[in-house]
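Sequence lines, in order, name chains W and A. Read in order, the letters of the first sequence correspond to residues 257 to 568 in this note's numbering. Read in order, the letters of the second sequence correspond to residues 197 to 522 in this note's numbering.
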Amino acid sequence: MADTVIEARGLTKIYGNHRAVDAIDFSIRRGEIFGLLGPNGAGKTTTILMMLGLTETSGGSVDVLGFDPVRQPLEVKRRVGYLPDAVGFYDHLTARENLRYTARLLGLPRREAETRIAEAMESVKLADVLDRRVATFSRGMRQRLGIAEIVMKKAEVAILDEPTSGLDPHSTFELLEMIRGLKRAGVAVLLSSHLLDRVQSVCDRVALFSKGRIALMGTVVELANQVLGAGHPILVEAAGGDIAGILRGIEGVRSVVPEGEGAWRVVADRDVRAAVAHRIVTVGGALTRLADLQPSLEEVYTRYFEGARRAA
Amino acid sequence: MGSRAPLAVRRQGSPFTGIGPVFMKELADHLSSVRMLVLTLFVIAFGAFPVASSLQTLRTVVDPNSFLFLRIFTLEPEQVGISFVAALNFVIPLMAIGLGFDSVNSEFNRRTLSRVLSQPIYRDALLLGKFLAGLATFAVALVALWLMVFGAGLLLLGVPPRGVEVARGLGFLVVAIAYGGVWLAISMLFSVVFRSTATSALCALGLWLFFFLLWPQLASAIVSGVAPGEIRSLEDYAALQDLAMGLMRLSPGTLFSEAVLGLLSPETRTLGPMLPAQMRGAIMGAPLPFDQSLLLIWPQITGLIAGMIVVFAAAYVVFQREEVRA
């Protein structure tokens with residue numbers, strides 16, 4: 257298991273009577289983007305702080321690059337880059353001065369620090385504002401400066417807490433591109449978010465958090481198969497005749513679920529769109545929409561918790 | 197308190213890793229800040245008046261005291277009614293509070309705390325670095341002020357200070373820095389305890405006012421409360437005096453003024469009531485040698501330094517237990 261960078265076993269955090277993180281297990285491999293997803297207050301940030309040794313664990317263990325954050329926090333923090341939720345910088349200093357302070361805390365020699373700062377700022381497209389005070393930076397620029405700090409640190413693991421929250425779509429797109437850049441550089445990225453659809457595109461694997469536990473873990477497709485059932489979902493909107501009956505009659509269709517007025521969600525073994533179109537048109541129905549449904553995390557999440565609630 | 201890591205678990209690496217960069221950054225921040233400028237102006241404005249009046253008096257009236265330079269600090273000019281050291285006694289806490297009241301909670305509010313603590317340093321280094329930077333800033337300002345007073349004395353009195361006067365003056369500087377350190381530690385404690393900078397400033401200033409305005413009254417009220425109906429012996433009286441002085445000495449300002457009295461008024465032989473036994477063989481008004489004065493005020497100096505360390509330790513303990521998340 258040489259390529260495992262983070263391994264948590266039974267990790268637990270208790271505040272008073274509240275189990276903020278309840279015996280979770282997961283592992284992250286080198287060069288992958290792992291998403292911790294879940295609503296606010298599900299225990300994502302607490303998990304991250306425990307990995308960095310910034311808060312004590314109540315039970316279980318976590319291993320980061322072969323070090324124990326409880327006993328060897330300095331070794332962990334030297335190798336792990338952290339971008340906190342709504343990261344802050346010293347407003348009265350320039351971007352360069354802010355990064356220089358971090359470089360000094362890391363103990364980098366002066367000359368090397370300067371070249372690393374220039375390269376890092378180049379990589380996040382902030383080279384032109386290097387000597388501007390951070391007070392003038394937008395939210396998106398601050399987040400990028402946070403990424404630059406991780407790049408400058410040459411971190412082996414990057415932990416990003418809600419990196420895209422509060423960003424406009426364009427900034428989000430740019431930031432996600434930079435996160436992919438980290439992955440290309442061989443960095444293991446762990447990111448947390450409550451915005452499922454935004455991060456699903458970058459994550460190789462995800463863990464869905466709920467009330468301090470990991471409810472589901474795996475690739476997005478795996479989760480979709482697990483929760484929504486394996487198969488090929490499509491959405492059909494049509495009018496005229498017994499559409500549901502027709503849809504059920506098509507070979508390979510496993511389930512037909514109404515999705516509002518004149519719309520059905522069809523799950524089949526294979527892509528049955530051509531057959532659906534043919535049959536509806538043949539019986540004289542009006543086909544208004546026929547869409548291939550990509551499994552979305554949002555849906556996985558909602559369905560899973562609906563199911564869980566029903567079971568309870 | 198929930199649960200804690202077992203005691204056997206010890207963290208590795210020096211707690212002082214990274215203290216240098218923290219110190220340098222904080223020092224640069226302090227020295228370049230507008231707040232520092234305001235505080236310096238404040239101290240100069242407060243100090244200039246007593247010093248100027250003292251110098252005026254010393255130039256016109258022939259003072260029998262041979263410690264002319266020290267008189268600049270301690271003389272109470274008629275027009276002002278407050279000596280330079282008394283003004284400092286009042287202003288030093290304000291300056292130290294100004295330097296420390298937002299040192300930790302502002303990092304928290306700017307959301308820089310978790311980012312800085314995710315670098316390879318312990319919280320120890322952050323807090324101690326900030327404290328030492330504040331103390332250094334304060335010392336720089338105070339030394340500058342001290343040099344200005346001595347310079348003004350040289351120019352206007354036209355006589356150089358004697359070696360023992362310089363030594364006593366330097367001793368005063370050390371005491372003043374320790375006094376500032378106590379208040380810096382107090383204000384940093386509040387900055388760790390309270391998330392809001394306004395609350396922390398208010399509490400520190402409140403404590404300052406309490407010690408200056410309320411505590412003397414309160415202390416004497418306590419003493420008269422416990423005093424027996426009639427004082428029968430000298431021992432009774434001495435015990436009561438001891439209690440009164442012990443209570444007053446809980447205020448750092450009292451320790452400071454006593455230490456300064458011993459240092460800058462060499463004729464001071466005792467800080468409490470004087471017993472006839474102590475008077476035997478003494479020439480009234482004759483100055484004590486420097487080492488004897490130092491011996492006299494040694495408890496006050498150690499008291500100030502101990503107070504500084506105790507309060508800082510309290511801030512340290514609270515900071516270690518604080519959650520860094522917003």
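All C-beta atoms, glycine included, are put in the ideal place defined by N, C-alpha and C.
From the listed residues L350/A, G277/A, I288/A, the smallest Cα separation to L405/A is found for I288/A.
Note that the stretch 495-507 of chain W does not touch the stretch 300-319 of chain W; fewer than 3 beta-carbon pairs, one per stretch, sit closer than 8 Å. Collapsing the DSSP output to three states places T475/W in coil. Neighbourhood of T475/W in chain A, by CB distance below 9 Å: empty, with the nearest CB roughly 29 Å away. P495/A: member of the alpha helix (DSSP H) spanning 486-517, first to last residue. Along the stretch 385-410 of chain W, the alpha helix (DSSP H) occurs as fully enclosed runs of 4 or more residues at 395-409, listed in sequence order. By DSSP's assignment, T350/W forms a beta bridge with R389/W. The C-beta of S416/A has fewer than 16 other C-beta atoms within 10 Å across all chains shown, which makes the residue exposed.
If you look at L292/W, you'll find it in the beta strand (DSSP E) that goes 289-293. When C-beta distances to chain A are compared with 8 Å, the residues of the stretch 289-305 of chain W below that value are T301, T302, L305, in chain order. Q482/W and G563/W have their C-alpha atoms some 12 Å from each other. DSSP, reduced to helix, strand and coil, places F390/A outside both helices and strands of the structure shown, so it counts as coil. In this structure, the beta-carbon distance from P419/W to L386/W does not fall below 7 Å. Here the stretch 423-430 of chain A does not lie against the stretch 447-466 of chain A, with fewer than 3 beta-carbon pairs under 8 Å apart. Contact annotation, A494/W with A542/W: C-beta distance approximately 6 Å; criterion of less than 8 Å satisfied.
By the CB criterion at 7 Å, L267/W and L464/W fall outside the cutoff.
Under the three-state reduction of DSSP output, Y271/W falls in the strand class. Bridge pairing for H534/W: absent [DSSP].
Only residues of its own chain outside the window of five on either side were considered, and among them W411, P412, A415, T450 have a CB closer than 8 Å to the CB of M444/A, listed in chain order.
Taking 8 Å as the upper bound on Cβ-Cβ separation, chain A lies near residues V326, R327, Q328, P329, L330, E331, K333, R334 of the stretch 318-335 of chain W.
Secondary-structure assignment with DSSP links D278/W through no beta bridge to anything. The beta carbons of K221/A and Y357/W sit closer together than 7 Å.
Each of E515/W, E517/W, A533/W, G485/W was checked against the Cα of I506/W, and the nearest Cα belongs to A533/W. Residues of chain W with a Cβ closer than 8 Å to the Cβ of Q208/A are, in chain order, R327, Q328, L330, E331. Residue pairing by DSSP places G337/W opposite A414/W in a beta bridge.
Closest option to R454/W, judged by alpha-carbon separation, among S466/W, V523/W, R469/W, G422/W: G422/W. Look at the beta carbons and you see the stretch 248-256 of chain A not touching the stretch 355-367 of chain A: under three pairs across the two are nearer than 8 Å. Shown here, T308/A sits in coil according to DSSP, grouped into three states, outside any helix or strand.
Note on geometry: alpha-carbon atoms of R275/W and K467/W lie some 8 Å from one another. With a threshold of 7 Å between beta carbons, R360/W makes contact with chain A. Contact residues of the stretch 325-336 of chain A toward chain W are absent (C-beta to C-beta distance below 8 Å). Look at H426/W here: in three-state DSSP terms it is helix. A residue is called buried when at least 16 other Cβ atoms come within 10 angstroms of its Cβ; I505/A does not meet this threshold and is exposed. One alpha carbon belongs to F508/A, the other to M291/A, and they sit about 17 Å apart.
Look at G396/W: its C-beta is not under 7 Å from any C-beta on chain A.
One alpha carbon belongs to A434/A, the other to I382/A, and they sit about 32 Å apart.
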